[in-house]
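Enquirer:
Protein chains in written order, with the numbering used here: chain A, 108 to 425; chain B, 108 to 425.
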């Protein structure tokens, strides 16, 4: 009989989900607006309805093997979302239990970046790799560490916050309240901060000066870099320097075979990949040199968040 | 029938070993001078002879379950010592194979700090803990990371070099050829460098001024700190600041339940423990605060290197 999983990606604005088979094929896909639901009960009700609608599109008999969820501050050990700053539901939300009561199948939860790492392992570029790191370069910097074929969850389920290792103790203010976190430099928003700093402290001509400061985004910087814009290229170089240094530190801890970049800023391809790899190599301890691949995620352009969430279940029941 | 393991700790100067049971009791213990043997073959010959001598002291029948080795640059995956700067034997030395040919039992090898972590798990303070880090503060800073009950070896067997994450890219020259590595600050030799810097840049009276610069060691600094010496206390404070900051970064990666300090500098007890814990907490991301124990190793005063090496075997055959 056919077997499917549900992969759910809970974001601050929208919750998207898909019905996925073991090969990563989407049978159905839909979304609901996360922000609209003030209580977790209303959210679960709406989500269950939407999922049941999607499941009803499957022809013939099938088995629903489970539900995987990627969510901010998702705790793998407890199946809870804990104190997520960008969601309406405060405190500790037992979301895995709530969905299990609706669908009577295993429900597994982790944070977005860990789900992305699982997706990379099951569906992406890490199919045969047992030690790797996935870095998501979006609004922030998320990371999933895989050691010997298993996601590193840590004793409390919250491991893998490479975005919040400190690059500069006196550096940029971070949303977490501290200063100099890696994600304030190496992320889609970080490179914008860098470009604005560079624009403000030089008189260099730049295509970026044609864009309002508030509207400048990482895609603009990429477009300018492609046209050879000096400031844009310098912004990529500095971003890569910071990221490369901290990746070298991360390598010294888990010694991965590969590091995969994903997310908005990774769409810049070689503009971020090549200098990041260069600076990482420059900063690696000798025994690690020329051993660690730095590549784009194998899930670029795919709905990796849903695939990763679904992959949680395939891994769990393996 | 009684069961024993051999635990071997290969150091640059001496190689010490013990015959150990599953409860960590030493049946026999001995050592040979590592430096004396120019070829690995001569070393293995001498070591085997010494081990056989020790085994002959066991009364009654017994089973030798295996041999565990802690060695600098020890590669767990291959059973080799690779390019160890402080040993006579250059290149890649297949030490596990060589000993297996002599004793016909499993031989497992890793680096010193990973062995210490294994010892902590089997015999020490981490018996019931699945996620922890052991930090050895000796001449350098070694580290063993344990995730979900398993040592993190990495794809190449060389994971866990926290001593070589960078604290300050423009900082102190490290033996590895790079600048600002954590171990140039947080180690028995690092605190001596700090004390000398403090002495040189101030006129403050200090007991440490009575000791020749070349002879100053971490024990002297501890003794002075106990007597309230300002420079000595400041040296501990700065060492702890650096270590605390980098431990906070490490927590963000593997989210351990506990961090255990071991080695020469850890003998300073609360003088290093209390400020390190304070600075770590100050630098932790909110979700990790007040969750991570920082304590002395449960093997302080014991021959942890041998116990850890023996523990490798008990874990392997479990």
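Cβ atoms here follow ideal geometry from the backbone N, Cα and C, with glycine treated the same way. If you're wondering where the values come from, they're calculated on a predicted model, not measured in any experiment.
#1: So who's on the other strand from residue 171 of chain B, going by DSSP bridges?
#2: DSSP on residue 425 of chain B, reduced to helix/strand/coil?
#3: Quick check on the DSSP output: what are the complete alpha helix (DSSP H) runs of length 4 or more inside the region 378-423 of chain A, in order along the chain?
#4: Below 9 angstroms between beta carbons is the criterion; list the residues of the region 197-212 of chain A that meet it against any residue of chain B, in chain order.
#5: With DSSP collapsed to three states, give me the class of residue 311 of chain B.
#6: Over the uninterrupted beta strand (DSSP E) stretch that includes residue 134 of chain A, give me the two end residues.
#7: So what's residue 244 of chain A in DSSP terms, helix, strand or just coil?
#8: Name the chain B residues that come within less than 8 angstroms of residue 393 of chain A, Cβ to Cβ?
#9: Please state the DSSP three-state secondary structure of residue 121 of chain B.
#10: Nearest chain A C-beta to residue 294 of chain B closer than 7 angstroms, yes or no?
#11: Return no unless some Cβ of chain B is closer than 7 angstroms to the Cβ of residue 191 of chain A.
#12: Would you list, in sequence order, the uninterrupted beta strand (DSSP E) runs of no fewer than 3 residues that lie entirely inside the region 203-234 of chain A?
#13: What does residue 252 of chain B touch in chain A if you count any residue whose Cβ is under 8 angstroms from its own?
#14: Report yes if the C-beta distance between residue 161 of chain A and residue 203 of chain A is below 7 angstroms; otherwise report no.
#15: Measuring straight from C-alpha to C-alpha, what distance separates residue 317 of chain A and residue 306 of chain A?
#16: Under 8 angstroms: do the region 206-225 of chain A and the region 176-190 of chain A share three or more Cβ pairs, one atom per stretch?
#17: Are the C-beta atoms of residue 173 of chain B and some chain A residue less than 7 angstroms apart?
#18: Using the three-state DSSP reduction, which class does residue 304 of chain A fall into: helix, strand or coil?
#19: According to a CB-to-CB cut-off of less than 9 angstroms, which residues of the region 220-253 of chain A neighbour chain B?
#20: What does the alpha-carbon distance come out to for the pair residue 110 of chain A and residue 405 of chain A?
#21: On the CB-based measure, 16 or more other CB atoms within 10 Å of its CB, does residue 228 of chain B come out buried or exposed?
#22: Do you know how far the Cα of residue 277 of chain A is from the Cα of residue 353 of chain B?
#23: Contact criterion: CB-CB distance below 7 angstroms. Does residue 268 of chain A meet it with respect to chain D?
#24: Would you call the CB atoms of residue 281 of chain A and residue 296 of chain A closer than 7 angstroms?
#25: Could you check if residue 408 of chain A is buried or exposed, using at least 16 other CB atoms within 10 Å of its CB as the buried criterion?
#26: For residue 364 of chain B, which residues in chain A fall below 9 angstroms Cβ to Cβ?
#27: If you reduce the DSSP assignment to three classes, tell me which class residue 200 of chain A lands in.
#28: Quick check: the Cα distance between residue 163 of chain B and residue 169 of chain B, rounded to an integer number of angstroms?
#29: Within the 7 angstroms Cβ cut-off, does residue 356 of chain A reach chain B?
#30: Quick check: residue 382 of chain B and residue 344 of chain B, are their CB atoms within less than 7 angstroms of each other?
#31: Measuring alpha carbon to alpha carbon, tell me which of B/425, B/391, B/201 and B/380 ends up nearest residue 243 of chain B.
#32: DSSP on residue 277 of chain B, reduced to helix/strand/coil?
#33: State the start and end residues of the unbroken beta strand (DSSP E) segment that holds residue 265 of chain B.
#34: Quick check: the Cα distance between residue 158 of chain A and residue 119 of chain A, rounded to an integer number of angstroms?
#35: According to DSSP, which residues form a beta bridge with residue 257 of chain A?
#36: Hey, quick one: how far does the beta strand (DSSP E) through residue 189 of chain B stretch, first residue to last?
Expert: A quick look at the data gives this:
#1: B/111
#2: Secondary structure of residue 425 of chain B (DSSP, three-state): coil.
#3: 411-423
#4: Of all residues in the region 197-212 of chain A, none has a Cβ within less than 9 angstroms of some Cβ in chain B.
#5: coil
#6: 133-140
#7: strand
#8: 283 and 284
#9: strand
#10: no
#11: no
#12: 214-217, all fully within the region 203-234 of chain A.
#13: Chain A residues near residue 252 of chain B: 360 and 361.
#14: no
#15: 11 angstroms
#16: At 8 angstroms Cβ cutoff, the stretches touch.
#17: no
#18: Here residue 304 of chain A sits in helix by DSSP.
#19: Going along the region 220-253 of chain A in chain order, one finds 236, 237, 238, 239, 250 and 252 with a Cβ nearer than 9 angstroms to chain B.
#20: Each residue's Cα considered, the two are about 24 angstroms apart.
#21: By the C-beta density criterion, residue 228 of chain B is buried, having at least 16 other C-beta atoms within 10 angstroms.
#22: 15 angstroms
#23: Given the protein chain composition of this structure (A and B), no chain D is represented.
#24: no
#25: exposed
#26: Those are 261, 262 and 263, listed as they occur along chain A.
#27: strand
#28: 11 angstroms
#29: yes
#30: yes
#31: B/380
#32: Reduced to three states, the DSSP call for residue 277 of chain B is coil.
#33: First-last for residue 265 of chain B: undefined, no H or E at that position.
#34: 19 angstroms
#35: DSSP output for residue 257 of chain A lists A/254 as bridge partner(s).
#36: 187-189
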